[in-house]
Amino acid sequence: GERVRGRVHDAAGQPVVGAMVTFQRGEPAHRVTVFSDEQGRFETPVLDSPGDTTIQVRRIGWKDLRREGVTLADGQWLDLALERETDPAAVAAQLPANRWYALVLEEVQDPGEREELVRQCTYCHQQGSWATRKVRTPEEWHKVLALMGRMGGLVSRDLRERLPELFNEAYAPEHAVAELMQQLGPDGAPPPPPRVRKAVIDEWDLGSRASMQHDMLVHPDGRIYSVDMSQDSLYRLDPKDGTRESWIIPHGDLPIGGVFASAGQPDVPTSNAHVGPHSLQVAPDGAVWITLALGNELARFDPKTETFTTHPLESGYYPHTLRFDARGRIWYTIAASNHLGMYDPSTGEGRQLRLPSRTLGQAVAMRMMPFLMWIGRYVDLRGRAAEGDGFTAPIPYGVDVAPDGTVWFSQLNEHRIGRVDPDSFEIEMIDTPFTGPLRMRFDSRGGLWIPGFSSNLIARFDPQTRQFEEFPIPVEPLGSETPYALHVNRENDDVWICGTNSDSLIRFEPGPRRFSVYPLPTRVTYTREIDFDAKGRVWTSNSNAPAWQIEGGMPRVLRLDPGTGPQVTAGR
Numbered sequence: 232g233e234r235v236r237g238r239v240h241d242a243a244g245q246p247v248v249g250a251m252v253t254f255q256r257g258e259p260a261h262r263v264t265v266f267s268d269e270q271g272r273f274e275t276p277v278l279d280s281p282g283d284t285t286i287q288v289r290r291i292g293w294k295d296l297r298r299e300g301v302t303l304a305d306g307q308w309l310d311l312a313l314e315r316e317t318d319p320a321a322v323a324a325q326l327p328a329n330r331w332y333a334l335v336l337e338e339v340q341d342p343g344e345r346e347e348l349v350r351q352c353t354y355c356h357q358q359g360s361w362a363t364r365k366v367r368t369p370e371e372w373h374k375v376l377a378l379m380g381r382m383g384g385l386v387s388r389d390l391r392e393r394l395p396e397l398f399n400e401a402y403a404p405e406h407a408v409a410e411l412m413q414q415l416g417p418d419g420a421p422p423p424p425p426r427v428r429k430a431v432i433d434e435w436d437l438g439s440r441a442s443m444q445h446d447m448l449v450h451p452d453g454r455i456y457s458v459d460m461s462q463d464s465l466y467r468l469d470p471k472d473g474t475r476e477s478w479i480i481p482h483g484d485l486p487i488g489g490v491f492a493s494a495g496q497p498d499v500p501t502s503n504a505h506v507g508p509h510s511l512q513v514a515p516d517g518a519v520w521i522t523l524a525l526g527n528e529l530a531r532f533d534p535k536t537e538t539f540t541t542h543p544l545e546s547g548y549y550p551h552t553l554r555f556d557a558r559g560r561i562w563y564t565i566a567a568s569n570h571l572g573m574y575d576p577s578t579g580e581g582r583q584l585r586l587p588s589r590t591l592g593q594a595v596a597m598r599m600m601p602f603l604m605w606i607g608r609y610v611d612l613r614g615r616a617a618e619g620d621g622f623t624a625p626i627p628y629g630v631d632v633a634p635d636g637t638v639w640f641s642q643l644n645e646h647r648i649g650r651v652d653p654d655s656f657e658i659e660m661i662d663t664p665f666t667g668p669l670r671m672r673f674d675s676r677g678g679l680w681i682p683g684f685s686s687n688l689i690a691r692f693d694p695q696t697r698q699f700e701e702f703p704i705p706v707e708p709l710g711s712e713t714p715y716a717l718h719v720n721r722e723n724d725d726v727w728i729c730g731t732n733s734d735s736l737i738r739f740e741p742g743p744r745r746f747s748v749y750p751l752p753t754r755v756t757y758t759r760e761i762d763f764d765a766k767g768r769v770w771t772s773n774s775n776a777p778a779w780q781i782e783g784g785m786p787r788v789l790r791l792d793p794g795t796g797p798q799v800t801a802g803r
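Below is the structure:
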């Protein structure tokens with residue numbers, strides 16, 4: 232492989248600081264991105280993938296530089312000149328989705344409606360990306376909002392009726408571009424700080440334009456597993472040589488849509504999901520366990536025999552996120568019916584705990600789920616729900632096991648977390664002082680870190696004192712980020728957070744209480760779960776749904792090395 236160095240500068244020879252320099256090779260593609268320093272210099276790690284190289288240089292406020300079919304030699308020096316982007320509309324188009332979505336949120340005066348809009352309309356894909364920041368006719372808006380409602384994005388009728396006008400006013404180019412340029416100011420977007428510019432980011436294309444890479448994990452053997460929710464597939468990537476393999480998860484006689492198959496056609500014509508794999512974890516024996524959300528099953532994949540076994544749920548609908556406890560038991564949230572499940576692979580025993588509902592109406596609806604699922608085969612209930620007044624289900628979401636063995640989960644729409652005793656199965660509920668708790672993790676000292684999806688913060692909860700400490704996320708404009716998940720690197724207790732709407736990964740160091748925002752090279756990067764490899768590098772997947780909205784149209788898994796990569800040595 233080759234290691235190359237170079238310098239990014241403007242027409243006058245002045246350095247461009249914080250430019251992302253990306254080297255792409257192979258089919259399917261592998262990309263390596265490094266940042267330029269104060270002098271505009273950069274240096275790559277060894278570029279292993281064979282073949283011709285496409286080089287792209289990108290910095291907000293400058294025109295992309297792109298060279299294709301380049302042959303590189305080891306030690307080669309690259310001189311890369313960028314041209315200023317003088318068209319305000321083109322600069323605005325370079326900005327991440329959260330900048331645009333903030334324009335919509337400014338138009339919503341009521342804090343409760345603003346929170347509802349963020350929570351209900353950003354959990355599948357970015358809001359404010361190039362594909363969503365469109366001015367539409369009333370007819371187009373009706374179709375869009377009906378589809379969103381069918382997919383579970385249910386907002387109250389009054390807000391839904393005002394949304395077309397709100398979005399059209401916010402995204403009208405004559406308004407949006409001027410507003411965004413004013414926010415940026417005369418100096419434009421600042422470069423990332425020096426500690427962020429040490430990062431090296433790798434991206435591997437995985438799947439197809441019709442794929443949805445939901446969660447991923449790092450296996451103890453160093454290989455990466457990812458589930459494709461819309462194509463019922465499990466993928467394996469070996470980052471050492473870029474080898475990609477995939478398996479179709481068996482679905483028996485389940486139709487497309489699985490147990491949720493309803494009257495009429497599937498909502499997404501490109502979806503081949505019968506079981507809908509969602510989340511995955513490695514068992515103590517090295518097997519990979521997967522929640523099959525649409526199939527209402529747990530699946531076990533044996534990496535040695537490369538075969539699946541499936542275990543149907545006794546009750547409940549939509550198994551979501553899973554974690555193992557120290558006894559090897561699986562704990563998993565069951566999102567649609569407000570349950571928490573436990574399954575012991577060694578004995579085959581399991582149980583589903585019905586979680587508390589906030590209201591009597593919720594409790595009745597949750598108990599009626601089997602009947603509603605049956606009648607939904609003959610009557611389009613989801614279509615009716617999409618036109619209704621936004622029934623709010625409790626939705627158990629994240630789950631994690633504390634160092635003391637207790638099991639904790641979040642209840643998204645009810646803005647609370649819960650604790651389950653692993654022996655007595657007693658349940659305790661705790662309100663969060665912030666909205667939208669999602670996918671949470673424990674640190675090495677037993678503190679529970681929780682992202683506030685609709686409240687632009689992370690919080691640490693102390694199970695001993697029952698105190699919450701909140702840390703607002705400093706992504707600009709403040710309040711525009713939607714942190715979907717986080718993970719704690721227990722080697723140093725650094726918290727890594729999904730910058731889901733801002734094309735970033737965010738690091739929080741609890742000691743100095745310092746946030747660092749790492750920009751990602753691909754526009755429309757929607758991240759759902761984070762994992763770490765043996766070297767402390769951060770892994771996630773680009774899981775925007777639909778995938779064709781991602782720049783380049785392909786879902787990817789990516790690895791961020793926060794700074795153990797090469798440091799720029801003295802050069803030209």
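In the numbering used here, each residue's number is its place in the sequence shown (first place is 1) plus 231.
Think of the CB as a built atom: it goes at the ideal place given N, C-alpha and C, for glycine as much as any other residue.
In this text the structure is predicted, and so the values were computed from the model without any measurement.
Bounding residues of the beta strand (DSSP E) (the contiguous stretch that carries Pro543): Element bounds for Pro543: Thr538 to Pro543.
Contact between the segment 389-396 and the segment 259-273 (3+ Cβ pairs under 8 Å): For the pair of segments examined, the segment 389-396 was found not to touch the segment 259-273: the number of CB pairs separated by less than 8 Å stays below three.
Opening and closing residue of the beta strand (DSSP E) in which Glu782 lies: Note, Glu782: premise wrong, no beta strand (DSSP E); not H, not E.
Nearest-angstrom Cα separation, counted from Leu586 out to Ile648: Each residue's Cα considered, the two are about 11 Å apart.
CB of Arg330 within 9 Å of CB of Ser735, strictly: No.
Whole-Å CB distance - Thr564 paired with Val632, under 8 Å assumed: By a beta-carbon distance limit of 8 Å, Thr564 does not contact Val632. Their separation comes to about 13 Å.
Classification of Gly802 by the beta-carbon crowding that lies within 10 angstroms, buried from 16 upward: Residue confidence is low: Gly802 scores 47 on pLDDT, short of 50, so the model does not pin down where it sits. Its coordinate-derived value is still stated next. Residue burial is scored here from C-beta neighbours: Gly802 has fewer than 16 other C-beta atoms within 10 angstroms and is therefore classed as exposed.
Beta-carbon spacing of Ser267, Ala243 below 9 Å: Not closer than 9 Å, so no.
Counted within 10 angstroms of its Cβ, other Cβ atoms place Val799 as buried (16 or more) or exposed: In this predicted model, Val799 has a pLDDT of only 45, less than 50, meaning its place in the structure is not dependable; the value taken from the coordinates is given anyway. By the neighbour-count criterion, in which a residue is buried when 16 or more other Cβ atoms sit within 10 angstroms of its Cβ, Val799 is buried.
Pick from Val755, Gly767, Lys766 and Asp764 that is closest to Asn773, judged by C-alpha positions: For Asn773, the nearest C-alpha among the options comes from Val755.
Closest residue to Ser396 among Arg381, His718, Pro369 and Ser568 (Cα-Cα distance): The sequence as given places Glu at residue 396; Ser does not occur at that position. Out of Arg381, His718, Pro369 and Ser568, Pro369 has the C-alpha closest to the C-alpha of Glu396.
Neighbourhood of Pro705 by C-beta, 6 Å cutoff - its chain only, sequence neighbours within 5 removed: Correct list, in chain order: Phe746.
CA-to-CA distance, Ala567 to Gly667, given in whole angstroms: Their backbone Cα atoms lie some 16 Å apart in a straight line.
Segment contact flag, the segment 688-699 with the segment 341-356, C-beta cutoff 8 Å, min 3 pairs: Verdict: no, contact absent.
Per-residue DSSP class, three states only, for Ala801: Note that Ala801 has pLDDT 41, beneath the 50 cutoff, so the model's placement of it is unreliable and the number below is only indicative. If DSSP states are grouped into helix, strand and coil, Ala801 belongs with coil.
Endpoints, alpha helix (DSSP H) assigned at Phe640: DSSP places Phe640 outside any alpha helix (DSSP H); the residue lies instead in the beta strand (DSSP E), whose first and last residues are Val638 to Gln642.
Buried/exposed call for Leu326, threshold 16 Cβ in 10 Å: Label assigned to Leu326: buried.
Beta-carbon proximity of Leu334 to Glu233, cut-off 9 Å: Contact annotation: Leu334 and Glu233 have beta-carbon atoms that are not nearer than 9 Å.
Cutoff 6 Å; reference Pro184; Cβ partners in own chain excluding five residues on either side: Nothing about residue 184 can be reported from this structure: the residues present for the chain run from 232 to 803 only.
Local conformation of Ile487 per DSSP, three classes: DSSP places Ile487 in the coil class of the three-state scheme, outside both helix and strand.
Endpoints, beta strand (DSSP E) assigned at Gln692: The question names Gln, yet the displayed sequence has Phe at residue 692. Counting along the chain, the beta strand (DSSP E) containing Phe692 begins and ends at Leu688 to Asp693.
Alpha-carbon spacing of Ile480 relative to Thr541, whole angstroms: A direct Cα-Cα distance of roughly 9 Å separates Ile480 from Thr541.
Any 3 or more C-beta pairs closer than 8 Å across the segment 590-597 and the segment 659-666: Result no; under three Cβ-Cβ pairs closer than 8 Å.
Where Arg426 sits in the DSSP three-state scheme: Reduced to three states, the DSSP call for Arg426 is coil.
Residue environment, Phe254, which counts as buried when at least 16 other CB atoms sit within 10 Å: Looking at its Cβ environment, which holds 16 or more other Cβ atoms inside 10 Å, Phe254 is buried.
The alpha helix (DSSP H) enclosing Asp389, as first and last residue numbers: Here the alpha helix (DSSP H) through Asp389 covers Arg388 to Tyr402.
Residue interval of the alpha helix (DSSP H) (run including Gln593): That run of the alpha helix (DSSP H) goes Leu591 to Arg598.
When Ala377, Leu448, Ala323 and His445 are compared against Gly416, the one with the closest alpha-carbon: Of the candidates Ala377, Leu448, Ala323 and His445, the one whose C-alpha sits nearest the C-alpha of Gly416 is Ala323.
Own chain partners of Glu545 with C-beta closer than 7 Å, once the 5 adjacent residues on each side are dropped: Around Glu545: Gly581 and Gln583.
Cβ shell of Tyr332 (< 7 Å), same chain only, five flanking positions each side left out: Beyond the five residues adjoining it in sequence on each side, Tyr332 comes within less than 7 Å, by CB distance, of Gln358, Gly359, Ser711 and Asn732 in the same chain, given in chain order.
Per-residue burial, Pro793 [other beta carbons within 10 Å of its own, 16 or more giving buried]: It counts as buried.
Euclidean distance between Cα positions of Ile681 and Asp762: Distance between the alpha carbons of Ile681 and Asp762 is about 16 Å.
Residue interval of the beta strand (DSSP E) (run including Val651): For Val651, the enclosing beta strand (DSSP E) covers residues Arg647 to Val651.
Rounded straight-line distance, which links the Cα of Ser655 to that of Val288: Their Cα atoms are separated by approximately 57 Å.
Beta strand (DSSP E) runs wholly inside the segment 700-784, at least 3 long, in chain order: As far as the segment 700-784 is concerned, its whole beta strand (DSSP E) runs of at least 3 residues are 717-720, 725-730, 735-740, 745-750, 761-763 and 769-773.
Distance, Pro653 Cα to Gly742 Cα: If you take the alpha carbons of Gly742 and Pro653, they lie about 31 Å apart.
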